[in-house]
C-alpha cells in the first residue's frame, strides 16, 4: 500500500481530495469488505452470484 503522497511523487500528478478514502472509492464504484476468513468462501460466492446475475444456490461450493 502506498499513501497519496507517495503516489503523487511517483506519477508526478496532484491527486483529487479524498483520494484512497473509503467515501471516495465508494463514489467511484469500488467495493470494500472486511470479513472473517472463515466466511470468505461463502461471501465471495454470494458477491459473484450477485454480479453475474445468477440465482443464489443454497448448496456449498
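Residue numbers (this note's numbering): 269 to 329. Just so you know, even glycine gets a beta-carbon here, dropped at the ideal spot from N, CA and C.
beta-carbon residue i near the ligand COA non-hydrogen atom, thresh 6 Å
i           : result
residue 292 : The ligand COA is absent from the structure shown, which contains no ligands of any kind.
Beta-carbon separation (whole angstroms), residue i vs residue j, contact threshold 8 Å
i           : j           : result
residue 311 : residue 301 : 7 Å
Nearest candidate by alpha-carbon position, reference residue i, set the options
i           : options            : result
residue 288 : 303, 318, 269, 322 : 269
residue 319 : 299, 274, 303, 272 : 299
Inset, instruction - Could you pull out every unbroken alpha helix (DSSP H) segment of at least 4 residues lying fully inside the stretch 272-308, listed in chain order? - result: 272-279, 290-295
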